[in-house]
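Quick note, the sequences are listed as chains A, B and C, same order.
Each residue of the first sequence is one higher than the one before, starting from 193 at the first, in our numbering.
Each residue of the second sequence is one higher than the one before, starting from 360 at the first, in our numbering.
Each residue of the third sequence is one higher than the one before, starting from 268 at the first, in our numbering.
Note that beta-carbon positions come from the ideal geometry of N, C-alpha and C, so glycine has one too.
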Amino acid sequence: MRRLLLAGAAVALALPGAAAAQSGSGLYSENCLRCHGPAGSGTPRGPRLRGVGAIAADFYLRTGYMPLRSPSDQPTRRHPLFTPSQIDALVAYVASLGKGEPVPKPHPERGSIPVGLRLFTEHCAGCHQVVGEGGYVTGARVPPLKQANATQIAEAVRVGPYLMPRFPKTQISDRELDSIVAYVEWAKHPDDRGGWGIGHIGPVPEGLVAWLLAGTALVAVCVLIGKRNTA
Amino acid sequence: MIRRTVRFLDERSGAAPFLRKALRYVFPDHWSFLLGEVALYAFIVLVGTGIYLTLFFDPSTATTYYDGQYQPLHGSEMTQAYRSVVDISFKVKAGLLIRQTHHWAADVFVVAIVLHLLRIFFTGAFRKPRDLTYYIGLSMLGLALLEGYLGYSLADDLLSGMGLAIGYSVLMSVPIVGANLAELIWGGPFPGTHAFWSRMYVAHVFLFPMLIATLLGAHLALVAARHHTQFRGRRKTERKVVGVPTFPGQTPRSLGLMSAVTAVLFLLGGLVQINPIWLWGPYHVGSGTNGAQPDWYLGWLIGALRLVPGFDLTIGNYTLVPNPFWGGALFPLVVFGVLFTFPALERRFTGDHAFHNLLDRPRDAPWRTAIGAALFTWIAFVFLAGSADRVFVTFFVSYGWQILFFRIAIWVVPLAVLVVTRRVCLELQGSDRVEHERELAEEEARRAASLEPVR
Amino acid sequence: MSALWRWIVAAIVLLLGRGRRPPPIERERIVPAGEPSPRAELLVLALFGATAACSIAFVVVYAVESIPHQTQFLGLSLGLAFAFLAAALIVIAERLVATEELEEDYPVPAHPAEQETLEQLVEESGDRMTRKRLLLLGGGAAGAALGAALVTPALSLGPAFEIAPFFRTPWRRGVRLVDERGRPIHADDVLEETFYTAYPEGADREELGSPLVVVRLRPADLHLPAGRGGWAPHGIVAYSKICTHAGCAVALYRKPTFPGVEPRPALVCPCHYSTFDPARGAKVLFGPAGRPLPQLPLLVGPDGELRAAGNFSGPVGPAWWGVRNRRPS
Numbered sequence: 193m194r195r196l197l198l199a200g201a202a203v204a205l206a207l208p209g210a211a212a213a214q215s216g217s218g219l220y221s222e223n224c225l226r227c228h229g230p231a232g233s234g235t236p237r238g239p240r241l242r243g244v245g246a247i248a249a250d251f252y253l254r255t256g257y258m259p260l261r262s263p264s265d266q267p268t269r270r271h272p273l274f275t276p277s278q279i280d281a282l283v284a285y286v287a288s289l290g291k292g293e294p295v296p297k298p299h300p301e302r303g304s305i306p307v308g309l310r311l312f313t314e315h316c317a318g319c320h321q322v323v324g325e326g327g328y329v330t331g332a333r334v335p336p337l338k339q340a341n342a343t344q345i346a347e348a349v350r351v352g353p354y355l356m357p358r359f360p361k362t363q364i365s366d367r368e369l370d371s372i373v374a375y376v377e378w379a380k381h382p383d384d385r386g387g388w389g390i391g392h393i394g395p396v397p398e399g400l401v402a403w404l405l406a407g408t409a410l411v412a413v414c415v416l417i418g419k420r421n422t423a
Numbered sequence: 360m361i362r363r364t365v366r367f368l369d370e371r372s373g374a375a376p377f378l379r380k381a382l383r384y385v386f387p388d389h390w391s392f393l394l395g396e397v398a399l400y401a402f403i404v405l406v407g408t409g410i411y412l413t414l415f416f417d418p419s420t421a422t423t424y425y426d427g428q429y430q431p432l433h434g435s436e437m438t439q440a441y442r443s444v445v446d447i448s449f450k451v452k453a454g455l456l457i458r459q460t461h462h463w464a465a466d467v468f469v470v471a472i473v474l475h476l477l478r479i480f481f482t483g484a485f486r487k488p489r490d491l492t493y494y495i496g497l498s499m500l501g502l503a504l505l506e507g508y509l510g511y512s513l514a515d516d517l518l519s520g521m522g523l524a525i526g527y528s529v530l531m532s533v534p535i536v537g538a539n540l541a542e543l544i545w546g547g548p549f550p551g552t553h554a555f556w557s558r559m560y561v562a563h564v565f566l567f568p569m570l571i572a573t574l575l576g577a578h579l580a581l582v583a584a585r586h587h588t589q590f591r592g593r594r595k596t597e598r599k600v601v602g603v604p605t606f607p608g609q610t611p612r613s614l615g616l617m618s619a620v621t622a623v624l625f626l627l628g629g630l631v632q633i634n635p636i637w638l639w640g641p642y643h644v645g646s647g648t649n650g651a652q653p654d655w656y657l658g659w660l661i662g663a664l665r666l667v668p669g670f671d672l673t674i675g676n677y678t679l680v681p682n683p684f685w686g687g688a689l690f691p692l693v694v695f696g697v698l699f700t701f702p703a704l705e706r707r708f709t710g711d712h713a714f715h716n717l718l719d720r721p722r723d724a725p726w727r728t729a730i731g732a733a734l735f736t737w738i739a740f741v742f743l744a745g746s747a748d749r750v751f752v753t754f755f756v757s758y759g760w761q762i763l764f765f766r767i768a769i770w771v772v773p774l775a776v777l778v779v780t781r782r783v784c785l786e787l788q789g790s791d792r793v794e795h796e797r798e799l800a801e802e803e804a805r806r807a808a809s810l811e812p813v814r
Numbered sequence: 268m269s270a271l272w273r274w275i276v277a278a279i280v281l282l283l284g285r286g287r288r289p290p291p292i293e294r295e296r297i298v299p300a301g302e303p304s305p306r307a308e309l310l311v312l313a314l315f316g317a318t319a320a321c322s323i324a325f326v327v328v329y330a331v332e333s334i335p336h337q338t339q340f341l342g343l344s345l346g347l348a349f350a351f352l353a354a355a356l357i358v359i360a361e362r363l364v365a366t367e368e369l370e371e372d373y374p375v376p377a378h379p380a381e382q383e384t385l386e387q388l389v390e391e392s393g394d395r396m397t398r399k400r401l402l403l404l405g406g407g408a409a410g411a412a413l414g415a416a417l418v419t420p421a422l423s424l425g426p427a428f429e430i431a432p433f434f435r436t437p438w439r440r441g442v443r444l445v446d447e448r449g450r451p452i453h454a455d456d457v458l459e460e461t462f463y464t465a466y467p468e469g470a471d472r473e474e475l476g477s478p479l480v481v482v483r484l485r486p487a488d489l490h491l492p493a494g495r496g497g498w499a500p501h502g503i504v505a506y507s508k509i510c511t512h513a514g515c516a517v518a519l520y521r522k523p524t525f526p527g528v529e530p531r532p533a534l535v536c537p538c539h540y541s542t543f544d545p546a547r548g549a550k551v552l553f554g555p556a557g558r559p560l561p562q563l564p565l566l567v568g569p570d571g572e573l574r575a576a577g578n579f580s581g582p583v584g585p586a587w588w589g590v591r592n593r594r595p596s
């Protein structure tokens, strides 16, 4: 009997998929079970993960959005708690919990930046700001997109993390998504031919420059030219 | 050669006596008296760069699809106005430099006016006989704010287009006549007729600059006619003004200041990007972006608009006061109202109807300084509320809490500032008195010591 | 040869002769004498030289298109040129010309004698008139009327007294909803958890009444105001995209991933963050808006395409005095 068990264990460990699911489920039990429930069934502290697919798990884990300290916190980008291979395992595990979308493979090189600008303005700029500098939506912080890679951009569009809308293929086709990804990548280093970009959010830093740079420089010149004492 | 020039001028215009007086005209030369000049020179740069821009800008709302050299806008539908500004930025050599210098000059123009206004206010320079000069100055400030707003709205980009819609809404919110006025100016409901753009253009390029220039002329003439004020000091009295003559002393200084202002503006214009409209994209009624703000000098208004709680004042079905009125119209009216009426009210409450050529130090007028500090604190806090969203995004301070904080702070902090400032002024006056008495005592002691017979 | 020689001598004499000035007349100094400062002069010359160099650099950068970062170098060169000029002028002011401190009288506060004369002038000029006040009144009335007449053409600027335009939108019963690219929107393509921008087919999309924001909610979650029973087929609601506060496009949509903990769905405006509840007729949840977004009743056509079922529940855009009077027609 023991020999049979040992053989079975050896086989189980040898099978890569099974092994991954196993360590994935182990990681899940340690880090996710408390809020997301056994086999992703959900609890009052976290949504069910059945059917969310590899796409959602990959996004939330690689951005460090998950694990979340408290259910009422807004997930924010941080250094991932898990190693890449641990994430792979967790993603495989979550994917195995039900039929969901796989991790997308966007092709920004097939997209068009001008089309992306128009699509981004139409669907995304209201929250993310027209060059992805982030913003405010009532009750939440909309993150800047400077650190998101192409896969994460595509994932976020399809998943709709936290309060973000979830854009289906009938609304934004894969081709259009390629253009949006191309645009967001471009917007990380937009055309600053006017000089120092000062944050690409317009009048707030511009006003600071007008007062703190120009204002102090010109007052300094006045002090240099004029008299200082009133006596 | 000098002789020949002078003779030519005098024989043709009879100007020698005037020039003789003008060139020896005396300028009190404290550094803070130069702030108005900074504004003047910024205005000159504005006019110069502005004229250049009019040679390229197309104030037309006819739409076109972009096919120029800036790739990301390819195929985007935009007005000719927006397109011409993109072309100025990308196609016209030195176009972007001139455009950015023009925009920086507008921002710095208002910075200088505000600093100048603060100096005028806190030294009591607006007192008789200079209250008329002061009214003209305040009018120029108001015109400058409008002029700047019109200027950056002409580009028809997403950011300024949103701002125009807000301006329209504030006008609509004026009780009883708002909608009618809005229809007059826009030629119908927003976005109005195509002629609206020409109206903005003519206003920005001709009407307002003419108004400002005329008022500026009157302002400077009055300053010259009454002579500049001065701080109290040795030989400086209500009767005698002490300073540096126009020529040779003041001329290189003023020219140097003009060059310095121009230098700062061109350096900014080339090195620090401002209003990159190609990044914002063209305005469309159905488009919006987060992080949209007006230029800094209208920041007090966006703060006010965001702080006012959501309600329209209605009487049955009649909407007497739509929401934007309080923050967008009443608030600036109150601020300008207080500033305009301040000289008259101060005369009334202090009973001081005398002429003043000498300036107060802020501590010499505790009530004025306290009220001024409170007023400007009020404006400053409302202004800060306007950028609460960017503070939230950058520093993670909850937006909701900021709004709540500011709703209370804009009333409480100015009150505190009023009380504290007045106290500080009185204390400083007190210490001045002690200092003065000590000096007198020392002087007396010295005199007594020198008179004592040598034993 | 000698003629040429004579010309040369004459030229030399003239040129040399020109340089010699007549001896100065003895006169009292206006500007006090000051110590010369040759070092300052050198400095000024150097600064002038720098100004010239930078100005030339500007022209060179302008002319040589292959120089990258044109705007930066143009600004740097021109700005520095002015900066050096400023420095030169300030050195001149401080070191090369006298800085005198002169005293002058302030002008007299007033001129009572001349004021008196002016008063007298005006009074005596009006001596002949027996009914001065009446004449003034008449003149004032004439002037006011004339002024009013001159101002009247300003009314042509726009339909100042027509309020009907505020109640007009391109939407009518049966008008199809189309997307940014003009394609009709099928009800089945409108999914939950996202938001759509729509326009009336064939209309000018730059009118305030044109843009719509469309979202789909679960019919059970809808609590629309009374009388809007059939306005949301399959839970699809449409509202004007133009914020009722100050006219910006309501371009934000908040959709909770985990409704138990996260804020409810909301349409938000990026200008002043007015927040509207799409499940409750876009009533205002937060922010300065004074009234809800107007709702457009929808119907699903036989082809499955979304169409308007009428006009909005109220006028679109920012409020004015008559905004609550009636529905758009």
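Could you tell me which of the options sits nearest to residue i, measuring between CA atoms?
i: L513 of chain B; options: B:R371, B:L412, B:L530; result: B:L412
i: W637 of chain B; options: B:V406, B:F714, B:T552, B:V445; result: B:V445
i: L519 of chain C; options: A:T408, A:A332, A:L405; result: A:A332
i: Y506 of chain C; options: C:P526, C:A421, C:T542; result: C:T542
i: P550 of chain B; options: B:S519, B:I571, B:L574; result: B:S519
i: V481 of chain C; options: C:E459, C:L491, C:E473, C:E474; result: C:E459
i: G218 of chain A; options: A:T255, A:G256, A:A281, A:G245; result: A:A281
i: G303 of chain A; options: A:Y375, A:R270, A:G352; result: A:Y375
i: E368 of chain A; options: A:R270, A:K291, A:P300; result: A:P300
i: W438 of chain C; options: C:A354, C:C515, C:P478; result: C:P478
Run through chain C and tell me which residues come within less than 7 Å of residue i, C-beta to C-beta.
i: N539 of chain B; result: A427, F428
DSSP three-state label for residue i, please.
i: L563 of chain C; result: strand
i: I838 of chain B; result: What the structure shows of chain B is the stretch from 360 to 814, and residue 838 of chain B is not part of that stretch, so it cannot be assessed.
i: Y508 of chain B; result: helix
i: Q339 of chain A; result: coil
i: T542 of chain C; result: strand
i: K399 of chain C; result: helix
i: Q339 of chain C; result: helix
i: S809 of chain B; result: helix
i: R574 of chain C; result: strand
Report the neighbours of residue i on chain B: residues whose CB is nearer than 9 Å to its CB, in chain order.
i: L315 of chain C; result: Per the sequence presented here, residue 315 of chain C reads as Phe, with Leu not at that position. Neighbours of F315 of chain C on chain B: none; closest Cβ ~12 Å, over 9 Å.
Report, in whole angstroms, the separation of the C-beta atoms of residue i and residue j, which I expect to be a contact under 8 Å.
i: L341 of chain C; j: V328 of chain C; result: 5 Å
i: H228 of chain A; j: G216 of chain A; result: 13 Å between Cβ atoms; not a contact.
i: P530 of chain C; j: P537 of chain C; result: No, P530 of chain C and P537 of chain C are not in contact; Cβ-Cβ is about 17 Å, not under 8 Å.
i: S528 of chain B; j: P683 of chain B; result: 5 Å
Starting from residue i, find everything on chain C with Cβ-Cβ shorter than 8 Å and list it in chain order.
i: I417 of chain A; result: I357, A360
i: F670 of chain B; result: G557
i: V667 of chain B; result: P555
At 8 Å on the CB atoms, spell out the chain A contacts of residue i, in chain order.
i: D748 of chain B; result: G327, Y328
Listing by chain order, which chain C residues have their CB less than 9 Å from the CB of residue i?
i: C319 of chain A; result: A518, L519, Y520, R521, V535, P537
i: S532 of chain B; result: A513, P585, A586, W587
Give the residues of chain A in contact with residue i, contact being defined as C-beta atoms less than 9 Å apart.
i: G494 of chain C; result: Under the 9 Å cutoff, chain A gives no residues; its nearest Cβ is about 28 Å from G494 of chain C.
Item to check | Whole beta strand (DSSP E) elements within the segment 654 to 720 of chain B, 3-residue minimum | outcome: The segment 654 to 720 of chain B contains these whole beta strand (DSSP E) runs: 672 to 674, 677 to 680.
Item to check | Unbroken stretches of the alpha helix (DSSP H), 4 residues or longer, contained in the segment 281 to 348 of chain A | outcome: The qualifying runs are 305 to 315, 317 to 320.
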